[in-house]
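A short write-up of the structure that comes next.
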Amino acid sequence: MVPSKISFFENVYEVARLIPMGRVTSYGAIGAYLGSAKSARMVGWAMNNAHHQKPTVPAHRVVNRNGMLTGKFHFASANDMQRLLESEGIEVKHDRIVNFNAYFWDPREHLKIGPK
DNA sequence: ATTTTGACGACGT
DNA sequence: GACGTCGCCAAAA
Numbered sequence: 038m039v040p041s042k043i044s045f046f047e048n049v050y051e052v053a054r055l056i057p058m059g060r061v062t063s064y065g066a067i068g069a070y071l072g073s074a075k076s077a078r079m080v081g082w083a084m085n086n087a088h089h090q091k092p093t094v095p096a097h098r099v100v101n102r103n104g105m106l107t108g109k110f111h112f113a114s115a116n117d118m119q120r121l122l123e124s125e126g127i128e129v130k131h132d133r134i135v136n137f138n139a140y141f142w143d144p145r146e147h148l149k150i151g152p153k
């Protein structure tokens, strides 16, 4: 990646930081926000670099559409991801977010300011 | 430039 | 409804 140019990854990191505490989102949602709904895999890939990013990227708030902590193995410790989520008030059971639908946060909601 | 991959998602069986 | 397969896009090897 070239610093002079913002890569697709940078976009993903920025959206991830927009996730409010106690909320979670899915890779597909972020991809859709970027305009590439089918590039959910790219979002996860970008997260692989998230550890290199200077600003802390709340990757633990990003899970797959099923609400499962698929990327927990990529953290310093597999338990860290679940632990961080629980720290924010999110209940995680069996590597899956309980009541995921309630905690789900769509980046588009950030754009949508008021009722239609 | 070509091939492989990858923290997903939707569709088909 | 669980399991399997294909598709998709972009970056790294």
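Note that this note's numbering gives residue 42 to position 5 of the first sequence, counting from 1, and the numbers run on in steps of one.
Where a beta carbon is used, it is the ideal one built from N, C-alpha and C, also for glycine.
Checklist entry - Roughly how many angstroms lie between the CA atoms of methionine 118 and phenylalanine 45, to the nearest whole one? => result Approximately 24 Å between the Cα atoms of the pair.
Item to check | Residues that DSSP places opposite phenylalanine 141 in a beta bridge | outcome: According to DSSP, residue pairing for phenylalanine 141 in a beta bridge involves Val61.
Next on the checklist: Measuring straight from C-alpha to C-alpha, what distance separates lysine 76 and glutamate 128?
Outcome noted: Correcting the residue type first, residue 76 is serine in the shown sequence and not lysine. For serine 76 and glutamate 128, the distance between alpha carbons rounds to 28 Å.
Checklist entry - So what does DSSP say about arginine 98, is it helix, strand or coil? => result Shown here, arginine 98 sits in a helix according to DSSP, grouped into three states.
Checklist entry - In the structure shown, what three-state DSSP assignment does lysine 130 receive? => result Strand at lysine 130.
Next on the checklist: Suppose you measure from the CA of valine 52 to the CA of proline 144; what does that come to, to the nearest Å?
Outcome noted: Distance between the alpha carbons of valine 52 and proline 144 is about 7 Å.
Next on the checklist: Quick check: the Cα distance between asparagine 116 and isoleucine 43, rounded to an integer number of angstroms?
Outcome noted: Approximately 32 Å, taken between the alpha carbons.
Item to check | Limits of the alpha helix (DSSP H) - the one that asparagine 85 falls within | outcome: Per DSSP, asparagine 85 belongs to the alpha helix (DSSP H) from 77-87.
Checklist entry - Between the C-alpha atoms of arginine 78 and methionine 58, what's the straight-line distance to the nearest angstrom? => result Each residue's alpha carbon lies about 24 Å from the other.
Next on the checklist: I'd like to check one pair, glycine 81 with glycine 104: are the Cβ atoms closer than 9 Å?
Outcome noted: No, these two residues do not count as a Cβ contact at 9 Å.
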